[in-house]
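Trainee:
Protein chains: 2
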Amino acid sequence: MKSYRALEQRFRRIAAVNGALAVLGWDQSTMMPEGGAKVRAEQMAVLSVVRHEWITDPAIGGLLGEAEARKDRLNEWQRANLREMQRQWRHATALTPRLVEARSKATLACEMVWRKARANNHFKSFATAFAPVLELTREVAAAKAAAFGLSPYDALLDEYEPEGRAAQIDALFADLGRFLPGFIDRAMARQAKRPAATEIPGPFPADTQRQVGLRFMKALGFDFRHGRLDVSLHPFTGGVPTDVRITTRYDEADFTSSLMGVLHETGHALYELGLPKFWRNQPVGEARGMVLHESQSLLIEMQVCRGPEFLTYAAPILRRAFRGEGSAWSAENLGRIYRRVQPGLIRVDADEVTYPAHVILRYRLEQAMLSGDLPVADLPHAWNDGMQTLLGVDVPDDARGCLQDIHWAVGSIGYFPTYTLGALAAAQLFAAAKERDPAILPGIARGNFRPLLRWLRQNVHGRGSLVSTDRILRDATGRPLGTAAFKAHLKARYLN
Amino acid sequence: MKSYRALEQRFRRIAAVNGALAVLGWDQSTMMPEGGAKVRAEQMAVLSVVRHEWITDPAIGGLLGEAEARKDRLNEWQRANLREMQRQWRHATALTPRLVEARSKATLACEMVWRKARANNHFKSFATAFAPVLELTREVAAAKAAAFGLSPYDALLDEYEPEGRAAQIDALFADLGRFLPGFIDRAMARQAKRPAATEIPGPFPADTQRQVGLRFMKALGFDFRHGRLDVSLHPFTGGVPTDVRITTRYDEADFTSSLMGVLHETGHALYELGLPKFWRNQPVGEARGMVLHESQSLLIEMQVCRGPEFLTYAAPILRRAFRGEGSAWSAENLGRIYRRVQPGLIRVDADEVTYPAHVILRYRLEQAMLSGDLPVADLPHAWNDGMQTLLGVDVPDDARGCLQDIHWAVGSIGYFPTYTLGALAAAQLFAAAKERDPAILPGIARGNFRPLLRWLRQNVHGRGSLVSTDRILRDATGRPLGTAAFKAHLKARYLN
Chain A
460 MKSYRALEQR
470 FRRIAAVNGA
480 LAVLGWDQST
490 MMPEGGAKVR
500 AEQMAVLSVV
510 RHEWITDPAI
520 GGLLGEAEAR
530 KDRLNEWQRA
540 NLREMQRQWR
550 HATALTPRLV
560 EARSKATLAC
570 EMVWRKARAN
580 NHFKSFATAF
590 APVLELTREV
600 AAAKAAAFGL
610 SPYDALLDEY
620 EPEGRAAQID
630 ALFADLGRFL
640 PGFIDRAMAR
650 QAKRPAATEI
660 PGPFPADTQR
670 QVGLRFMKAL
680 GFDFRHGRLD
690 VSLHPFTGGV
700 PTDVRITTRY
710 DEADFTSSLM
720 GVLHETGHAL
730 YELGLPKFWR
740 NQPVGEARGM
750 VLHESQSLLI
760 EMQVCRGPEF
770 LTYAAPILRR
780 AFRGEGSAWS
790 AENLGRIYRR
800 VQPGLIRVDA
810 DEVTYPAHVI
820 LRYRLEQAML
830 SGDLPVADLP
840 HAWNDGMQTL
850 LGVDVPDDAR
860 GCLQDIHWAV
870 GSIGYFPTYT
880 LGALAAAQLF
890 AAAKERDPAI
900 LPGIARGNFR
910 PLLRWLRQNV
920 HGRGSLVSTD
930 RILRDATGRP
940 LGTAAFKAHL
950 KARYLN
Chain B
460 MKSYRALEQR
470 FRRIAAVNGA
480 LAVLGWDQST
490 MMPEGGAKVR
500 AEQMAVLSVV
510 RHEWITDPAI
520 GGLLGEAEAR
530 KDRLNEWQRA
540 NLREMQRQWR
550 HATALTPRLV
560 EARSKATLAC
570 EMVWRKARAN
580 NHFKSFATAF
590 APVLELTREV
600 AAAKAAAFGL
610 SPYDALLDEY
620 EPEGRAAQID
630 ALFADLGRFL
640 PGFIDRAMAR
650 QAKRPAATEI
660 PGPFPADTQR
670 QVGLRFMKAL
680 GFDFRHGRLD
690 VSLHPFTGGV
700 PTDVRITTRY
710 DEADFTSSLM
720 GVLHETGHAL
730 YELGLPKFWR
740 NQPVGEARGM
750 VLHESQSLLI
760 EMQVCRGPEF
770 LTYAAPILRR
780 AFRGEGSAWS
790 AENLGRIYRR
800 VQPGLIRVDA
810 DEVTYPAHVI
820 LRYRLEQAML
830 SGDLPVADLP
840 HAWNDGMQTL
850 LGVDVPDDAR
860 GCLQDIHWAV
870 GSIGYFPTYT
880 LGALAAAQLF
890 AAAKERDPAI
900 LPGIARGNFR
910 PLLRWLRQNV
920 HGRGSLVSTD
930 RILRDATGRP
940 LGTAAFKAHL
950 KARYLN
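What follows is the structure, encoded as structure tokens:
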């Protein structure tokens, strides 16, 4: 027990630095004046180095070995905590300090070039800055592949989604790839026969939007003693589980996008707020991975809040808050707005039906770039081809094509698939929840989310990182992650 | 140069952790929901330990010795930087880790007890929790006295005001102690013969107060690319020189106190913003000490903003902003409000004439407690006696007596005198500034603070910690810190 306890102490200190970094990052995006950027970057770099030094301290290797040898004395949560410590330690120690530093410098430089390249639609300058990032990401993948005995892509994926494997994704995405093109056509045809959505006339004052957002957050179970809502250019969920910071941005001409953004981040926040209290500040107390995290935001946003029950509850609240009049404010019309299907160029603007195509394209391309099959210079061509094949969309320029996302510029390869795996998990979890507790759906229609939150706390949030994503899904839904619930959801929502 | 450069690197990392702590502390007081407190305290404790470990790293002692031996190769700023590194290192290494930890625990506990004791007017519970704080503060004082070759009180004072000495304070305070009682009587008598101040009827919406505060901050030279104004229960100046965070609180029934609070913190902020840019993140680039810091806030608040020139400029702005009417909004009436003299119980509410008496009392009592001459149990009696003698005020209870301030509860002995030394320095600096640049006073009356700010940047802010407070004052005003300018200021303002 002594080695295990010593490890808990060390990981507690690491968690404190992680938490400090989370607050500094939140402040950077929400509060910090522009002139504070350089010094803030240095503060965060210094704390990141401290964290890396602590987690790669050679003493941890010895303690992990000792604790592992006496693991039978640990209870189930402690054993899982030890396993997660090992995982984090192996990820950190797989890389030499030289590689960590080189990657950090290259991605920082590439991110800056990317911002300009996207603004100026200039792929060539991006390609030059991205080449070393890709090369260093390959080195990282190779080092982690060796440490974990995985393929290079799986080794990268494992950072975002522990035990996530390309073989599983390949099967799921192949299934979706067969299903979606035909389904999109059918959904579009069906949509064309229904009345078009009526746009709701604004303006919508930012402060009213904020008040409405806060009201729905509260109803959904967001605990404001442990969190806040603020404004940032790009919405995100930050902070720590005892103090969750979500953000949005307000467009006074259109409230619908910001509102759904707040609800999406609330889904992330409820996961963080519901993590096991006793295991705060320990690896086993953290969220399981990006797939379940995205499943929680998409369950709230896509499964719940874009559905007719939620909109029945929300429509009169919205109408009153914005002093609206007329049928544009009906739940039916809100549904037409919030369930509109339209293939488009931009991933973050995509509806839930076409979104997976954006992800499948990126997943294929990043695998090909990592393996070397796709030279960076050929990326625009491959991107545009894929958009035509998967969505029937012509890409007019790289700014709205392969330069639209930040992920690759900062070396995030292996992240994209978690968005769509999250969508699949959200559909599967919500279907199971509704089946297990028949009070959930009528509750939503009345603005009572307690039955839903109770089920999520028990079956997802409260389990932390005790078991794998796969185990959580099997326990909660009776089956491994699949496409069936997602396809059933799409059919029910878009073809009926 | 190699040892010196290595020290710069180390102190740069320490500054990054200090900066991170400043942002975390600001967030704690302004943004953090209550449920985040416990984890935040842990984050800050871990970073404080990191900072302490880094600054007491035995390698620093060696590097300081090497750099000192080759100091002739350093330029003036580098030599001063080395001297400040030595000072910080000696303060940190004077204490054993056991003493640091014991003091930290005792003060944390005592602060909590003090909050309740003050609310419930219960001195006995405070005394019990304060006894170990005082004992540990004595240990700290003894350890630092040995390390610096100073008296225990001077060793504590040196933390807040480098090279500050009780002998100097004794002389200044004796002079003030002779001057003030008679002066207060004369000022009150004179005040009684003038028309009384007319109260300005509210309410004053918090948002309007904020807009007015921002306007004056901007006029005074606060650079919003490098800072913000927010709300907290107790106003303070935080952040780092590239990102200065000041706070206030709003009373919608009375704007005058919040406004002067914003102007006071703006004085602190201008000092931070004006510190030498090239020496950011190094000890020599930091503010010189609490005396000069308080001199800058009091120069702006007391010398400038409560004076007739500023109020002439501000009165019409305030009247328009709050849509006020009538003579209550005249510069003359604002002056009667802002220059009212009234002996009272509470230090933070005191006017500039009676404020020194509050400080002199605390200074005498904390010296007596530190030396052991005053047992804690006798504090209320000594306090109430002193208030009667110095201000002619009867203290009705300890909540409004010796329990009113947080300082002693958290082990801050040696801090109080810097408030009044700051007031003396403010008067002396402003008198010199007006004499050296005749454009300053007419500028203020027109809302043009550039001549004043230029003088302060050159003579105070931009010097950082290059030389001592005494040297800065001699260079800027031609004489050491004295009471003459302060007394002349009081006479001019309150007897004419």
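Line by line, the protein sequences give chains A and B. Be aware that the first sequence starts at 460, since it is given in this note's numbering, and climbs by one per residue. Be aware that the second sequence starts at 460, since it is given in this note's numbering, and climbs by one per residue. Every residue, glycine too, gets a C-beta built ideally from N, C-alpha and C.
Any beta carbon of chain B sitting closer than 8 Å to that of Lys497 (chain A)?
Mentor: Yes - at least one Cβ of chain B is within 8 Å of the one on Lys497 (chain A).
Trainee: Are the CB atoms of Val869 (chain A) and Gly860 (chain A) within a distance shorter than 8 Å?
Mentor: No.
Trainee: If the cut is a Cβ gap below 8 Å, which residues of chain A does Phe681 (chain B) touch?
Mentor: Neighbours of Phe681 (chain B) on chain A: none; closest Cβ ~11 Å, over 8 Å.
Trainee: Distance, Cα to Cα, Gln502 (chain B) vs His693 (chain B)?
Mentor: About 22 Å.
Trainee: In whole angstroms, give me the CA-to-CA distance for Thr942 (chain B) and Arg747 (chain B).
Mentor: Taking the straight line from one Cα to the other gives about 21 Å.
Trainee: Which first and last residues belong to the alpha helix (DSSP H) in which Arg895 (chain B) is found?
Mentor: Residues 876-895.
Trainee: Please state whether the Cβ-Cβ distance between Glu598 (chain B) and Leu558 (chain B) is less than 8 Å.
Mentor: In contact: Glu598 (chain B) and Leu558 (chain B) (Cβ atoms closer than 8 Å).
Trainee: What would DSSP say about Ile805 (chain A), mapped onto helix, strand or coil?
Mentor: DSSP places Ile805 (chain A) in coil when its eight states are reduced to three.
Trainee: With contact counted as at least three CB pairs below 8 Å, one residue from each stretch, are the region 936-954 of chain B and the region 887-894 of chain B in contact?
Mentor: With a cut-off of 8 Å, the region 887-894 of chain B and the region 936-954 of chain B count as touching, because enough Cβ pairs lie within range.
Trainee: When you compare the region 724-741 of chain A with the region 749-760 of chain A, are there three or more beta-carbon pairs, one atom per stretch, that lie closer than 8 Å?
Mentor: Cβ pair count under 8 Å is three or more, so yes.
Trainee: Does any residue of chain B bring its CB to less than 8 Å from the CB of Glu825 (chain A)?
Mentor: With 8 Å as the cut-off, Glu825 (chain A) does not count as an interface residue toward chain B.
Trainee: Which ranges would you report for the alpha helix (DSSP H) in the region 569-640 of chain B if only whole runs of at least 4 residues count?
Mentor: The qualifying runs are 582-607, 611-619.
Trainee: Excluding five sequence neighbours on each side, which residues of the same chain lie with their C-beta closer than 8 Å to the C-beta of Ala656 (chain B)?
Mentor: Contacts found: Asn792, Arg795, Ile796, Arg799.
Trainee: Mind checking if Glu618 (chain A) is an interface residue toward chain B, Cβ cutoff 8 Å exclusive?
Mentor: It does not: the Cβ of Glu618 (chain A) has no partner Cβ on chain B nearer than 8 Å.
Trainee: Where does the unbroken beta strand (DSSP E) through Arg687 (chain A) begin, and where does it stop?
Mentor: Its beta strand (DSSP E) spans residues 686-690.
Trainee: Would you kindly work out how many angstroms separate the C-alpha atoms of Val703 (chain A) and Val498 (chain B), rounded to a whole number?
Mentor: Straight-line Cα distance between these residues: approximately 12 Å.
Trainee: What does Gly494 (chain A) touch in chain B if you count any residue whose Cβ is under 9 Å from its own?
Mentor: Those are Asp682, Phe683, Arg684, His685, Gly686, Thr701, Asp702, listed as they occur along chain B.
Trainee: Kindly indicate which three-state DSSP category Arg859 (chain B) falls into: helix, strand or coil?
Mentor: DSSP places Arg859 (chain B) in coil when its eight states are reduced to three.
Trainee: Between Asp516 (chain B) and chain A, is the shortest Cβ-Cβ distance under 8 Å, so that the two count as touching?
Mentor: No, no contact with chain A.
Trainee: Over what stretch of residues does the alpha helix (DSSP H) that includes Gly794 (chain B) continue unbroken?
Mentor: Segment 790-797, the alpha helix (DSSP H) holding Gly794 (chain B).
Trainee: Output the boundary residues of the beta strand (DSSP E) element that contains Leu706 (chain B).
Mentor: Here the sequence assigns Thr to residue 706 (chain B), which means Leu is not the residue at that position. Where Thr706 (chain B) is concerned, the enclosing beta strand (DSSP E) stretches over 702-707.
Trainee: Do you know whose CA, among A:Gln863, A:Gln755, A:Lys950, A:Val812, lies nearest Phe585 (chain A)'s CA?
Mentor: With distances taken between Cα atoms, Phe585 (chain A) lies closest to A:Gln863.
Trainee: If the cut is a Cβ gap below 7 Å, which residues of chain A does Val482 (chain B) touch?
Mentor: Neighbours of Val482 (chain B) on chain A, chain order: Leu483, Asp486.
Trainee: Please state whether the Cβ-Cβ distance between Gly690 (chain B) and Thr667 (chain B) is less than 8 Å.
Mentor: In the sequence under discussion, the amino acid at residue 690 (chain B) is Val, which differs from the Gly named in the question. No. Outside cutoff.
Trainee: Is the separation between the beta-carbon of Asp857 (chain A) and that of Asn580 (chain A) shorter than 8 Å?
Mentor: Yes.
Trainee: Mind checking if Gln468 (chain A) is an interface residue toward chain D, Cβ cutoff 8 Å exclusive?
Mentor: Although the question refers to chain D, the structure presented lacks it and instead comprises the protein chains A and B.
Trainee: In terms of residue numbering, what span does the alpha helix (DSSP H) encompassing Val476 (chain B) cover?
Mentor: Segment 461-489, the alpha helix (DSSP H) holding Val476 (chain B).
Trainee: What are the uninterrupted segments assigned as alpha helix (DSSP H) that are 4 or more residues long and contained completely in the region 694-777 of chain B, given in chain order?
Mentor: Listed in chain order, the complete alpha helix (DSSP H) runs (minimum 4 residues) inside the region 694-777 of chain B are 715-732, 749-757.
Trainee: With 16 other CB atoms within 10 Å as the buried threshold, where does Ser756 (chain B) fall?
Mentor: Result: buried.
Trainee: Please state the DSSP three-state secondary structure of Ile872 (chain B).
Mentor: The answer is coil: DSSP assigns Ile872 (chain B) none of H, G, I, E or B.
Trainee: Exposed or buried, which one is Pro517 (chain B) when buried takes at least 16 other CB atoms within 10 Å?
Mentor: The residue in question, Pro517 (chain B), is exposed, as its Cβ has fewer than 16 Cβ neighbours within 10 Å.
Trainee: Show which residues of chain A have a CB atom less than 7 Å away from the CB atom of Glu501 (chain B).
Mentor: Those are Ala475, listed as they occur along chain A.
Trainee: How would you list, in chain order, the residues of chain A whose beta-carbon sits under 7 Å from the beta-carbon of Leu912 (chain B)?
Mentor: Per Cβ cutoff of 7 Å: no residues; Leu912 (chain B) is ~17 Å from chain A at best.
Trainee: What is the rounded straight-line gap between the Cα of Ser610 (chain A) and the Cα of Pro621 (chain A)?
Mentor: C-alpha separation (whole angstroms): 14 Å.
Trainee: Using C-beta distances below 6 Å, list every residue in its chain close to Trp914 (chain B), excluding the 5 sequence neighbours before and after it, in chain order.
Mentor: Cβ neighbours of Trp914 (chain B) beyond the five flanking positions: Ala892, Asp896.
Trainee: Would you call the region 841-850 of chain B and the region 817-832 of chain B touching, i.e. three or more CB-CB distances under 8 Å?
Mentor: Judged by Cβ distances under 8 Å, the region 841-850 of chain B makes contact with the region 817-832 of chain B, as three or more pairs qualify.
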